[in-house]
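The listed protein sequences correspond, in order, to chains A, B and C. Taken in order, the first sequence gives residues 165 to 506; the numbers are from our numbering. Taken in order, the second sequence gives residues 583 to 714; the numbers are from our numbering. Taken in order, the third sequence gives residues 3 to 173; the numbers are from our numbering. Working notes for the structure below.
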Amino acid sequence: MVKGIKYTSMILSAVLFCGFVLAGCTNSSLKEKSAERTALIMDTVVTVTLYGENAQQGVQAAIQKAEELEKILSAQQEDSELSYLNRTAYNNDVVVSNVLFTVAKRSLQYSKETNGALDCTIGRLIQIWGIGTENEKLPNREEIVSLLLNKGYEQVRLNEETRTIRFLNNNIQMDFGATAKGYAANEIKKMLEQEYGITCGILNFGGNIMTIGARYDGQFWNIGITDPLDTTNVLTTIRQKNSSMVTSGNYERFFIKDGERYHHILDTETGYPAQNGLISVTILSEDSMQADALSTAAFVMGLDTAMSYIESLESVEAVFVTDEGSVVKTSGIKENTFEVVP
Amino acid sequence: MKKYLKHIIVGFLIVIVFIILLVTWVLINAQRISNAVANVYQYGELIQSIDLNKVEDSFTFQIVDVNGGYNTVLVEHGCISITDSSCADQICVHQGKISDSVIPIVCLPNQLVIKIESKPMSSAGQLDGQTR
Amino acid sequence: MPNVKKMIVSSMLITNALTIFILETQLPPIVPIPGIKLGLANVITLFAIYLIGCKEAAKIHTLRIILGSIFAGQMISFLYSISGGILSLLIMIVGKHIISKDFIWLVGILSAVLHAAGQLGIAILVLGTMSILYYAPIILISSIITGLFTGLCVQLLLKKHEKAFYRIINQ
């Protein structure tokens, strides 16, 4: 019997000991409780990856919300609220939902703040180019010139009390291609944090990245920026947490005709794709709608204007790639790390 | 004398092995990597990839692990090194700078490896995400 | 050798081994290469194999590794110590049976080399990369040297005090 006790206590202590060793060795188990879902929404591939409790419910809710927002903000879907607005708002006060009103208001604000480098009212221009759709073509010059608006963003009237929108120019069509994904990322992140208690995850709206919290192991997320000169490669990797990264590049949507590349980021002053010395702009910010809007605006502004504009903003940083391939970063990106210090 | 014959034979064999190892070590040290990129691995996963030749201003960054251990990495034009660490033996700090050697800098306690490898960097599996 | 005596000798040896081990961790590293150590505590293990037998020596060896890691290191160092330690212990045991007492210096070398091999193997698993193997040549070189020293120590010690030890074992 003594021998039996001796052996059991030996085995028990061995097991206990292993337990202690293993406890000292394991990393956090957040990584194991993960869920992911991918869907085609807003004409782009949306992937939601979440970690922790409620990850499964979270991804379902996120995709659902993205689909709801698409029904409101899509310029392509004919039965979306935006399309309805575009059909009826000339010289007419149209009542819109809170979401559409907010997106319109903020998009117009960004248009104003960037002096038209971003302009959410050039829907018609975007349509005749049709880049990214089956109708893409090089429109003739007269068509383009006739659609040029002089500060279209100042010809839209918003009424906060009645929540109505009115276009003051017949050529205005609103298009939120440069801001809707960012808005969706903001709202979905807020919902996931507040209603599902999510503290760790990545939202990817067709390349528009929004991270929630730090990575599952407490480190920064490593987010790559595609090399615009060789899209199979990664140009550089940014370490960030709890913030958004959006890139606008001349390689995303374009067509080539007679040896010329026509990409989808239009310069509202010329009506043609912006050729101001940049081929890729990545904006880093906690606010994804801001990152989305500014990535388009900065692309159109050109390096010098964009650089001073971004440097003048707090908690916003940028990575530019010029058409010669040089990479320029704003001063707040130290050691390729972007962190918003509260 | 005969008594020691066996010793001498065995000893001789060991010396041969010793010399082979020595030569190998010298050869390894002499190897250089072309198209070099410094890759930092923690727990076996790539967490940073730095093209040392593209570095203009030197900078440092800290790598922290879940147990609170840290390593401070100094990145300069053409070379990388660990300048400070929470580990007990500090071997990693004394390993100095590497620029194009095949021999990595290793901090065993913090499970950190800094390797010089040739481009291209491994596929997007190491990234958590990528903007387009 | 009666049980009580074995126990007493074992405890003295393991205390010695632990002390040597912990003292050794306080020494600054001789070269900036991971995994190179003097391994002096292995003298005790090797010695114990010849003095009081493999089983006792095995206990002393494992206890020294476990307690040593707890007192002087983090849990991660335990993994390295035990992987190298088991292999070197095994070769010592094998060595006792098939290698004569005149070649204990060889057993010392082999056990040190295998210890290093075990550590390299675990390091590859833990670090997730094969690149630590680039250190193998220099680590093995140092193992040959330290193993020779360890083995020689034990061999000469046993030889010189052969009669005294014989009396201790057989009373």
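Just so it is clear, CB atoms sit at the ideal spot from N, CA and C, and this is done for glycine as well. All figures in this text were calculated on a predicted structure; none of them were measured in a lab.
Rounded distance between the beta-carbons of residue j and residue i, thought under 8 Å
| i | j | result |
| --- | --- | --- |
| ILE632(B) | SER663(B) | Not confirmed; about 12 Å, so no contact. |
| ASN386(A) | ASP710(B) | 5 Å |
| ASN333(A) | GLY316(A) | 7 Å |
| LEU108(C) | GLY153(C) | 7 Å |
| ASN397(A) | ILE443(A) | Not a contact, Cβ separation roughly 14 Å. |
| ALA118(C) | GLY86(C) | 7 Å |
| GLY110(C) | LEU48(C) | 6 Å |
| ILE106(C) | CYS56(C) | No, ILE106(C) and CYS56(C) are not in contact; Cβ-Cβ is about 14 Å, not under 8 Å. |
| GLU503(A) | LYS345(A) | Going by Cβ atoms, the distance from GLU503(A) to LYS345(A) rounds to 23 Å, so no, they are not a contact pair. |
Buried versus exposed call for residue i [16 or more other C-beta atoms within 10 Å across all chains shown]
| i | result |
| --- | --- |
| GLY489(A) | exposed |
| VAL410(A) | buried |
| VAL657(B) | buried |
| GLN121(C) | buried |
| HIS99(C) | exposed |
| ARG714(B) | buried |
| LEU587(B) | exposed |
| ILE286(A) | buried |
| ALA121(A) | Residue 121(A) cannot be examined here, being either before or after the span of chain A that is shown, 165 to 506. |
| ALA670(B) | exposed |
| GLY188(A) | At GLY188(A) the pLDDT is 47, less than 50, meaning the model places this residue with poor confidence; the figure from the coordinates comes in the next sentence. That one is exposed. |
| PRO691(B) | buried |
| GLU416(A) | buried |
| SER704(B) | Residue placement at SER704(B) is flagged as unreliable, the pLDDT there being 42, under the threshold of 50; a coordinate-derived value is accordingly withheld. |
| ASP394(A) | exposed |
| SER12(C) | buried |
| ASP339(A) | buried |
| TYR168(C) | exposed |
| PRO30(C) | exposed |
| GLY41(C) | buried |
| LYS636(B) | exposed |
| PRO403(A) | Note that residue 403(A) corresponds to Arg in the displayed sequence, not to Pro. Per the 10 Å Cβ criterion, buried. |
| GLY626(B) | exposed |
| ASP647(B) | buried |
| PHE73(C) | exposed |
| VAL309(A) | exposed |
| THR116(A) | Residue 116(A) is absent from the structure shown; chain A starts at 165 and stops at 506. |
| THR202(A) | exposed |
| ILE673(B) | buried |
| ARG614(B) | exposed |
| SER700(B) | exposed |
| GLU238(A) | Just to set this straight, residue 238(A) is Ser in the shown sequence, not Glu. That one is buried. |
| ARG288(A) | buried |
Where the alpha helix (DSSP H) containing residue i begins and where it ends
| i | result |
| --- | --- |
| CYS669(B) | Here CYS669(B) belongs to no alpha helix (DSSP H), and DSSP marks it neither H nor E. |
| MET9(C) | 5-28 |
| ARG327(A) | Where ARG327(A) is concerned, there is no enclosing alpha helix (DSSP H), given that its DSSP letter is neither H nor E. |
| MET70(C) | Position check: residue 70(C) holds Gly in this sequence, whereas Met was assumed. Segment 56-74, the alpha helix (DSSP H) holding GLY70(C). |
| ASN276(A) | Note that residue 276(A) is Lys in the sequence shown, not Asn. Note, LYS276(A): alpha helix (DSSP H), 262-277. |
| ARG403(A) | Not the alpha helix (DSSP H): ARG403(A) falls in the beta strand (DSSP E), residues 398-404. |
| ILE497(A) | That residue, ILE497(A), is in no alpha helix (DSSP H); it is neither H nor E in DSSP. |
| TYR227(A) | Inspection of the sequence shows that residue 227(A) is occupied by Ile rather than by Tyr. Residues 219-237. |
| THR252(A) | 245-252 |
| GLN358(A) | 344-360 |
| ALA166(C) | 164-171 |
| PHE600(B) | 587-612 |
Residue i, enclosing beta strand (DSSP E) - first and last residue
| i | result |
| --- | --- |
| GLY365(A) | 364-369 |
| GLN693(B) | Run containing GLN693(B): none; DSSP gives neither H nor E here. |
| ASN621(B) | 618-624 |
| MET409(A) | 408-413 |
| PHE641(B) | 641-646 |
| VAL33(C) | Looking at the DSSP string, VAL33(C) is not in any beta strand (DSSP E), and its letter there is neither H nor E. |
| THR47(C) | Element bounds for THR47(C): not the beta strand (DSSP E) but the alpha helix (DSSP H), 44-53. |
heavy atom of the ligand NAP below 7 Å from residue i C-beta
| i | result |
| --- | --- |
| SER631(B) | In terms of ligand content, the structure shown is empty, and the ligand NAP therefore cannot be addressed. |
Q.
Within 8 Å, do at least three Cβ pairs link the segment 134-150 of chain C to the segment 594-607 of chain B?
A. yes
(Q) Using a Cβ distance threshold of 8 Å, determine whether the segment 352-367 of chain A contacts the segment 280-293 of chain A, with at least three qualifying pairs required. (A) no
Q | Contained alpha helix (DSSP H) runs [length at least 4] in the segment 279-325 of chain A, N- to C-terminal order | A | 287-293, 305-311
Q | At least three beta-carbon pairs within less than 8 Å, the segment 422-442 of chain A to the segment 450-458 of chain A | A | no
Q) Looking at C-beta atoms only, is the number of pairs between the segment 239-249 of chain A and the segment 212-219 of chain A that lie closer than 8 Å three or more? A) no
Q: Pick out the complete alpha helix (DSSP H) segments inside the segment 416-467 of chain A, 4 residues or longer, and give them in chain order.
A: 452-465
Q: Run through the segment 89-145 of chain C for me and flag every whole alpha helix (DSSP H) of 4 or more residues, listed as ranges in chain order.
A: 106-129
Q: May I ask you to verify whether the segment 267-277 of chain A touches the segment 451-469 of chain A, counting CB pairs closer than 8 Å and requiring at least 3?
A: yes
Q.
Contact between the segment 461-478 of chain A and the segment 357-368 of chain A is defined here as three or more beta-carbon pairs at a separation below 8 Å; is this criterion met?
A. no
Q) Pairing CB atoms from the segment 479-496 of chain A with CB atoms from the segment 372-388 of chain A, are three or more of them under 8 Å? A) no
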